[in-house]
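From first to last, the protein sequence lines stand for chains A and B. Just so you know, the first sequence maps onto residues 98 to 333 in our numbering. Just so you know, the second sequence maps onto residues 98 to 333 in our numbering. Heads up, the beta-carbon is just placed ideally off N, CA and C, and yes, glycines get one too. Keep in mind it's a predicted model, so treat the numbers as computed, not measured.
Protein chains: 2
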Amino acid sequence: MLKYQQTATEIEAYIEQHALQQGDKLPVLDQLIRQFAVSKTTMTKALELLERKGTIFQVRGSGIFVRKTNRKGYIELFSTQGFKQNLVEHDIQSKVLSFELIPCPEEIIENLGSAPGEMVYAIKRIRYIDGNIMCLEESYYRQTIVPYLNREIVEQSIFEYLEMALGLNIGFSDMYMHVGKLPDAVATHLELTAGDPALTVETIFHLTNGRPFDYSVITYHYEHSQFVVQANGLYL
Amino acid sequence: MLKYQQTATEIEAYIEQHALQQGDKLPVLDQLIRQFAVSKTTMTKALELLERKGTIFQVRGSGIFVRKTNRKGYIELFSTQGFKQNLVEHDIQSKVLSFELIPCPEEIIENLGSAPGEMVYAIKRIRYIDGNIMCLEESYYRQTIVPYLNREIVEQSIFEYLEMALGLNIGFSDMYMHVGKLPDAVATHLELTAGDPALTVETIFHLTNGRPFDYSVITYHYEHSQFVVQANGLYL
DNA sequence: TAGTGGTCTAGACCACAAG
DNA sequence: TTGTGGTCTAGACCACTAC
Numbered sequence: 098m099l100k101y102q103q104t105a106t107e108i109e110a111y112i113e114q115h116a117l118q119q120g121d122k123l124p125v126l127d128q129l130i131r132q133f134a135v136s137k138t139t140m141t142k143a144l145e146l147l148e149r150k151g152t153i154f155q156v157r158g159s160g161i162f163v164r165k166t167n168r169k170g171y172i173e174l175f176s177t178q179g180f181k182q183n184l185v186e187h188d189i190q191s192k193v194l195s196f197e198l199i200p201c202p203e204e205i206i207e208n209l210g211s212a213p214g215e216m217v218y219a220i221k222r223i224r225y226i227d228g229n230i231m232c233l234e235e236s237y238y239r240q241t242i243v244p245y246l247n248r249e250i251v252e253q254s255i256f257e258y259l260e261m262a263l264g265l266n267i268g269f270s271d272m273y274m275h276v277g278k279l280p281d282a283v284a285t286h287l288e289l290t291a292g293d294p295a296l297t298v299e300t301i302f303h304l305t306n307g308r309p310f311d312y313s314v315i316t317y318h319y320e321h322s323q324f325v326v327q328a329n330g331l332y333l
Numbered sequence: 098m099l100k101y102q103q104t105a106t107e108i109e110a111y112i113e114q115h116a117l118q119q120g121d122k123l124p125v126l127d128q129l130i131r132q133f134a135v136s137k138t139t140m141t142k143a144l145e146l147l148e149r150k151g152t153i154f155q156v157r158g159s160g161i162f163v164r165k166t167n168r169k170g171y172i173e174l175f176s177t178q179g180f181k182q183n184l185v186e187h188d189i190q191s192k193v194l195s196f197e198l199i200p201c202p203e204e205i206i207e208n209l210g211s212a213p214g215e216m217v218y219a220i221k222r223i224r225y226i227d228g229n230i231m232c233l234e235e236s237y238y239r240q241t242i243v244p245y246l247n248r249e250i251v252e253q254s255i256f257e258y259l260e261m262a263l264g265l266n267i268g269f270s271d272m273y274m275h276v277g278k279l280p281d282a283v284a285t286h287l288e289l290t291a292g293d294p295a296l297t298v299e300t301i302f303h304l305t306n307g308r309p310f311d312y313s314v315i316t317y318h319y320e321h322s323q324f325v326v327q328a329n330g331l332y333l
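Spelled out as structure tokens, the structure:
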């Protein structure tokens, strides 16, 4: 683990230990540098990390303060940061509806940037959050990049397998979101009624080297999912 | 403008001028450093900015590459970065439905962290994107922080006024999103039918010093709004 | 193994906030 | 004015990729 990541983790522990609340002040920079025995740049980087993560905010000329969201029961759709493991406070289960190895469907080729006829794993899962239906997920993995998958893996966390077992480095993703009315087929899976509202998120995942390897479409159950995003900076 | 921001802007211009496409390689780090005459740290910071903004991605041991989303017509709900001015490619108009100075409503006090009885500007607007109804926005500004607003300002960009005229420094925000069925009152304003799907986003905006100054609830027109988010890192 | 991006340091100097 | 966070530099060294 890198020094600045380690430092960030230690600062989080410090906040936890001292039970600091929203708006509470941390020790000043120089103090933190001495306390954690790192250079100013490293400390700055650690703090920047925590700032993006939404853990603190820094005010020049004033100090470093704790930032917290006060609402519970919201899912972090994506943290402004990134590598934060979300949903840890929730119990996530999956039920696999289908699992196949098929030629890449026409309409998905452009999303995955795959060659015509290339094979993909096509997976359909219902995901549960704390016992409730959270979403229907349909995902497609390029076999060129993910050579092997089986039903057992797919019942667990696929991404953990990709990183741990296959050693793939997941880089970045493009997400496209829209709201609409549930089609009949999806409604059945979510145990809702056709025409009910739904948030649909299409995501294209890339490796760190930029190659797309996974395209997924997630349709969320509107009664069992709400999201929080901690943003930094202005965006109109 | 800071040097690393300036550098980032120049690199964007470089990409533009050379008409670089998704996956195209930029000059190597050392070359960029020489070319733009900055230190390695500064260049790294500029590149980090562009990476968070979704303009490039960097691969250790390999190079720096251009990243682009290929879908058009999507609104950037919030960039993973932040200060990127969104919607610039769209024509945004506002119609003010109501504009009042009132005591802070009960249910909003906790969101704004305001004192009981404190006065707030309450504004209701319909916002149009390229001539279509995009959303209904209800927002509340604390008069303690925003001493003056009028109908004319509110018809334009409020945030621009806050930053330019009042010199306020907008820091960070917490957003809460959920999907549901349109209530009758809102449906009318959006020219939709009660029960239609809707994305609702509540946002609490803070100054850089951490004080909340604006609470807003935006309900999006599901047929005229879809969003793109460029994320970095993993998030399940 | 060569090339490329990433981390880390010490220290000078700058910019903003609060009293 | 003082204290505090932010920027910038030069350079050493590390870690990954591709050949």
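Secondary structure remark: continuous alpha helix (DSSP H) runs of at least 4 residues inside the region 162-235 of chain A, in chain order: 203-209. A Cβ-Cβ contact shorter than 7 Å links glutamate 252 of chain B with serine 191 of chain B. Close to chain B, meaning a Cβ-Cβ distance shorter than 7 Å, are the following residues of the region 266-284 of chain A: Ile267, Gly268, Phe269, Ser270, Asp271, Met272, Tyr273, Met274, His275, Val276, Gly277, Lys278. Check the Cα spacing between phenylalanine 133 of chain B and each of B/Arg224, B/Glu109, B/Gln118: the tightest is with B/Glu109. Interface annotation, leucine 296 of chain B: in contact with chain A, CB-CB separation under 7 Å. Assignment of leucine 123 of chain B by DSSP, reduced to helix, strand and coil, places it in the coil class. Residues of chain B with a Cβ closer than 9 Å to the Cβ of glutamine 102 of chain A do not exist, since the nearest Cβ in that chain sits about 12 Å away. Within the region 251-318 of chain A, the complete alpha helix (DSSP H) segments of 4 residues or longer fall at 255-261, 281-287, listed in chain order. With the rule of 3 Cβ pairs closer than 8 Å, the region 309-325 of chain B counts as touching the region 267-278 of chain A. For arginine 131 of chain B, the secondary structure class from DSSP, reduced to helix, strand or coil, is helix. Counting along the chain, glutamine 155 of chain A sits inside the beta strand (DSSP E) bounded by residues 153-156. Glycine 214 of chain A and proline 244 of chain A have their C-alpha atoms roughly 16 Å apart. The Cβ atoms of isoleucine 130 of chain B and lysine 137 of chain B sit closer than 7 Å to each other. Residue-level contact by beta carbon holds for tyrosine 319 of chain A and chain B, with a gap shorter than 7 Å. Take the alpha-carbon of leucine 289 of chain B and the one of serine 313 of chain B: they are about 21 Å apart. For phenylalanine 310 of chain B, no Cβ of chain A is located within less than 7 Å of the residue's own Cβ. Non-local C-beta neighbours of glycine 268 of chain B in its own chain, meaning closer than 6 Å and more than five positions away in sequence, comprise His303, Leu304, Thr305, ordered along the chain. In this structure valine 325 of chain A is buried. Its beta-carbon is surrounded by 16 or more other beta-carbon atoms within 10 angstroms.
Glutamine 327 of chain B: member of the beta strand (DSSP E) spanning 323-329, first to last residue. Residue pairing by DSSP places tyrosine 238 of chain B opposite B/Tyr218, B/Asp311 in a beta bridge.
Aspartate 293 of chain A and glutamate 107 of chain A have their C-alpha atoms spaced approximately 45 Å apart.
If you look at tyrosine 101 of chain B, you'll find it in the alpha helix (DSSP H) that goes 100-114. The continuous alpha helix (DSSP H) containing leucine 146 of chain B extends over residues 137-150. With a beta-carbon spacing of about 11 Å, arginine 224 of chain B and glutamate 235 of chain B fall beyond the 8 Å limit used to define contacts. For the options A/Asp127, A/Tyr238, A/Ile112, the alpha carbon positioned closest to that of glycine 120 of chain A is the one of A/Ile112. Residue burial annotation: asparagine 329 of chain B is buried, with at least 16 other C-beta atoms found within 10 angstroms of its C-beta. Taking 9 Å as the Cβ-Cβ cut-off, the region 116-145 of chain A approaches chain B at Gln119, Gly120, Thr138, given in chain order. Around the C-beta of alanine 262 of chain A, fewer than 16 other C-beta atoms lie within 10 Å, and the residue is accordingly described as exposed.
Residue burial annotation: isoleucine 172 of chain A is buried, with at least 16 other C-beta atoms found within 10 angstroms of its C-beta. If you check each beta-carbon in the region 248-267 of chain B against every beta-carbon of chain A, the ones closer than 7 Å belong to Phe256, Ile267. The Cβ neighbour count for leucine 296 of chain A, taken over all protein chains shown within 10 Å, is at least 16; the residue is labelled buried. Here the C-alpha atom of methionine 231 of chain B lies approximately 13 Å from the C-alpha atom of valine 298 of chain B. For a Cβ distance threshold of 8 Å, nothing in chain B lies close to tyrosine 245 of chain A: the least Cβ distance comes to about 21 Å.
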